[in-house]
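**Student:**
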Amino acid sequence: MRIVEVGPRDGLQNEKAPVPTDVKLRFIARLAEAGLKEIEATSFVSPKWVPQLGDAAELWPQLPPGPLYSALVPNQKGLARAIEVGVKRIALFTAASDAFTQKNINMTVDASLEVFRQVIASFRGAGIPPADQWMRAYVSTAFECPYAGRIEPGRVAEVANRLFEMGVDEVSLGDTIGVAAPVEVFRLADALDSRRKSQIAWHFHDTHGTGIANVSAALDLGYTAFDSSAAGFGGCPYAPGAGGNLATEDLVYFLERTGMPTGVDVDRMARASEEVLAVLGRAPTAKSQLAALAAAAKCAT
Ligand SMILES: CC(C)(COP(=O)([O-])OP(=O)([O-])OC[C@H]1O[C@@H](n2cnc3c(N)ncnc32)[C@H](O)[C@@H]1OP(=O)([O-])[O-])[C@@H](O)C(=O)NCCC(=O)NCCSC(=O)C[C@@](C)(O)CC(=O)[O-]
Numbered sequence: 001m002r003i004v005e006v007g008p009r010d011g012l013q014n015e016k017a018p019v020p021t022d023v024k025l026r027f028i029a030r031l032a033e034a035g036l037k038e039i040e041a042t043s044f045v046s047p048k049w050v051p052q053l054g055d056a057a058e059l060w061p062q063l064p065p066g067p068l069y070s071a072l073v074p075n076q077k078g079l080a081r082a083i084e085v086g087v088k089r090i091a092l093f094t095a096a097s098d099a100f101t102q103k104n105i106n107m108t109v110d111a112s113l114e115v116f117r118q119v120i121a122s123f124r125g126a127g128i129p130p131a132d133q134w135m136r137a138y139v140s141t142a143f144e145c146p147y148a149g150r151i152e153p154g155r156v157a158e159v160a161n162r163l164f165e166m167g168v169d170e171v172s173l174g175d176t177i178g179v180a181a182p183v184e185v186f187r188l189a190d191a192l193d194s195r196r197k198s199q200i201a202w203h204f205h206d207t208h209g210t211g212i213a214n215v216s217a218a219l220d221l222g223y224t225a226f227d228s229s230a231a232g233f234g235g236c237p238y239a240p241g242a243g244g245n246l247a248t249e250d251l252v253y254f255l256e257r258t259g260m261p262t263g264v265d266v267d268r269m270a271r272a273s274e275e276v277l278a279v280l281g282r283a284p285t286a287k288s289q290l291a292a293l294a295a296a297a298k299c300a301t
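Residue numbering for the sequence shown follows UniProt numbering, starting at 1 and increasing by one per position.
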């Protein structure tokens with residue numbers, strides 16, 4: 001099983017209240033202590049578009065040792081900023097819908113793939129030892145676009161295949177607005193190249209509470225990589241209606257209870273987001289986080 005924790009990036013990018021860099025660093029340290037091994041720590045997008053992550057270059061060199069860290073990169077400028085501070089694992093991002101990429105990255109899907117072709121060449125030529133280089137690409141709106149409606153599975157598969165042909169190591173399929181049901185996961189999986197199963201991750205948002213059901217469907221099909229966010233933080237600034245990401249606490253509970261070890265300590269995980277929640281002035285809402293916190297409080301009395 002692989003869990004890719006996206007809380008510090010996807011989770012925080014949409015938050016209006018600024019989260020100070022030292023709070024983000026303590027959040028990430030606690031996620032690492034909880035046992036998460038892959039963390040998407042930040043994003044080298046334009047700070048004008050996503051001010052919350054404008055501290056990426058300051059944050060990156062201070063990340064606590066342990067996990068494998070990655071960062072979102074939209075273009076050559078983002079790559080140059082990322083490489084300057086030592087990023088070795090990058091995440092590109094496009095979508096299956098032009099209407100979405102126009103709002104999110106100000107270009108069509110085709111144009112984004114052209115940009116990525118150049119970014120990939122620069123990344124591969126940047127002198128990073130091949131064993132340390134890693135590149136994923138997101139395909140957002142893999143089920144539905146907030147602007148263009150439902151998306152055909154064949155279109156998602158086509159974009160994913162083009163990304164694989166360009167040499168990415170992994171494609172993460174995003175249910176950006178959190179609307180999919182398991183039957184749609186089965187339908188999309190049918191359209192995907194089954195030889196790439198170990199290179200596909202699923203990125204569910206939980207707007208309608210279907211995140212875990214969708215994980216279960218993908219697991220049944222033999223997929224083993226899932227993105228999630230501590231406390232269910234999240235939402236995309238350019239995807240109106242998007243709820244939070246699937247909560248890591250709920251994912252860990254589900255996988256462990258299913259008999260699939262995650263290496264994540266449920267109690268530490270439940271507390272990892274406490275300081276960020278306090279900065280945002282919010283109470284926890286993820287079900288398994290609430291359950292773990294309640295159980296710990298009961299034990300303490
Ligand atoms: C792609 C751009 C940059 C195009 O933005 P643009 O305005 O079209 O770009 P531009 O090339 O015309 O540049 C405009 C200005 O931005 C600067 N600029 C340009 N690039 C960078 C950069 N990398 N870092 C810093 N600065 C940059 C550039 O230098 C220039 O500065 P100026 O001359 O005006 O002072 C912009 O649209 C952008 O940053 N978009 C990011 C939006 C975003 O982060 N969305 C959320 C992530 S996607 C997501 O959450 C979904 C996902 C992945 O989680 C999966 C799912 O749920 O489906």
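A virtual CB, placed ideally from N, CA and C, is assigned to each residue, including glycine.
What does the alpha-carbon distance come out to for the pair C236 and G244?
**Tutor:** C236 and G244: Cα-Cα distance of roughly 9 Å.
**Student:** Could you check whether the Cβ of G174 sits closer than 8 Å to any heavy atom belonging to ligand 1?
**Tutor:** G174: yes, Cβ under 8 Å from ligand 1.
**Student:** Buried or exposed, going by whether 16 or more other CB atoms sit within 10 Å of the CB of N104?
**Tutor:** Buried, because 16 or more other Cβ atoms sit within 10 Å of the Cβ of N104.
**Student:** Using a 10 Å radius around the Cβ and a threshold of 16 neighbouring Cβ atoms, would you call D175 buried or exposed?
**Tutor:** Buried, since its Cβ has 16 or more Cβ neighbours within 10 Å.
**Student:** In whole angstroms, what separates the C-alpha of V185 from that of R196?
**Tutor:** Their backbone Cα atoms lie some 16 Å apart in a straight line.
**Student:** CA-CA distance, L31 and P64?
**Tutor:** Computed Cα separation, rounded: 10 Å.
**Student:** From I3 to A231, what distance separates their C-alpha atoms?
**Tutor:** So the two alpha carbons sit approximately 14 Å from each other.
**Student:** So is R162 buried or exposed if we call it buried at 16+ other beta carbons inside 10 Å?
**Tutor:** Result: buried.
**Student:** Count Cβ pairs between the segment 136-143 and the segment 86-102 that sit closer than 8 Å; are there 3 or more?
**Tutor:** In short, these stretches touch, since the Cβ pair count reaches three.
**Student:** Please report the Cβ distance between T210 and A180, rounded to the nearest whole angstrom; I am assuming they are in contact, meaning their Cβ atoms lie under 8 Å.
**Tutor:** That belief holds up - the Cβ atoms of T210 and A180 are roughly 6 Å apart, short of 8 Å.
**Student:** Which runs of the alpha helix (DSSP H), 4 residues or longer, sit entirely within the segment 47-126?
**Tutor:** Counting only runs of 4 or more, we get 56-59, 76-84, 98-105, 109-124.
**Student:** Check whether the Cβ of N214 sits closer than 8 Å to any heavy atom of ligand 1, and report yes or no.
**Tutor:** No - ligand 1 has no heavy atom lying nearer than 8 Å to the Cβ of N214.
**Student:** Mind checking whether the beta-carbon of G78 lies closer than 8 Å to any heavy atom of ligand 1?
**Tutor:** Yes, the Cβ of G78 comes within 8 Å of a heavy atom of ligand 1.
**Student:** Starting from the C-beta of Y223, find all residues in its chain whose C-beta is less than 7 Å away, skip the five residues before and the five after it, and write them out in chain order.
**Tutor:** Cβ neighbours of Y223 beyond the five flanking positions: K197, I200, W202.
**Student:** Under a Cβ-count criterion, where at least 16 other Cβ atoms within 10 Å of its own Cβ denotes burial, should P74 be classed as buried or exposed?
**Tutor:** Buried is the call here.
**Student:** Can I105 be considered in contact with ligand 1, in the sense that its beta carbon sits closer than 8 Å to one or more heavy atoms?
**Tutor:** Checking the Cβ of I105 against ligand 1 gives yes.
**Student:** Verify the contact flag: T207, CB atom, against every heavy atom of ligand 1, threshold strictly below 8 Å.
**Tutor:** T207: no, Cβ never under 8 Å from ligand 1.
**Student:** What separation, rounded to the nearest whole angstrom, lies between the Cα atoms of D265 and A111?
**Tutor:** Rounded to the nearest angstrom, the two C-alpha atoms are 42 Å apart.
**Student:** Count the other CB atoms, across all protein chains shown, that sit within 10 Å of the CB of A296; report buried if there are 16 or more and exposed otherwise.
**Tutor:** Exposed.
**Student:** So what's Y253 in DSSP terms, helix, strand or just coil?
**Tutor:** Three-state DSSP puts Y253 in a helix.
**Student:** Alpha carbon to alpha carbon, what distance is there between M166 and L255?
**Tutor:** Cα-Cα distance, rounded: 32 Å.
**Student:** For ligand 1, is there a heavy atom less than 8 Å away from the beta-carbon of K197?
**Tutor:** No - ligand 1 has no heavy atom lying nearer than 8 Å to the Cβ of K197.
**Student:** Give every residue of the same chain whose Cβ lies closer than 6 Å to the Cβ of A213, excluding the five residues on either side of it in the sequence, and list them in chain order.
**Tutor:** For A213, where only same-chain residues beyond five positions count, the Cβ hits under 6 Å are P182.
**Student:** Considering residue 302, what are the terminal residues of the alpha helix (DSSP H) in which it resides?
**Tutor:** A query on residue 302 cannot be resolved here, the shown segment of the chain reaching from 1 to 301 and no further.
**Student:** Going by beta carbon distance, what residues of the same chain come within less than 6 Å of F204, once the five residues before and after it are set aside?
**Tutor:** Only D175, G211, N214, L246 meet the Cβ criterion.
**Student:** From the DSSP output, in three-state form, read off G174 for me.
**Tutor:** Strand at G174.
**Student:** In three-state terms, what does DSSP make of S194?
**Tutor:** In the structure shown, S194 sits in a helix (DSSP, three-state: H, G or I).
**Student:** Check whether the segment 31-50 and the segment 7-15 are in contact - that is, three or more C-beta pairs closer than 8 Å.
**Tutor:** Yes, the segment 31-50 is in contact with the segment 7-15.
**Student:** For the alpha helix (DSSP H) holding R155, just list the boundary residues, first then last.
**Tutor:** Its alpha helix (DSSP H) spans residues 153-165.
**Student:** Would the beta-carbon of M260 fall within 9 Å of that of M1?
**Tutor:** Yes.
**Student:** From the DSSP output, in three-state form, read off residue 306 for me.
**Tutor:** Nothing about residue 306 can be read from this structure; the chain reaches only from 1 to 301.
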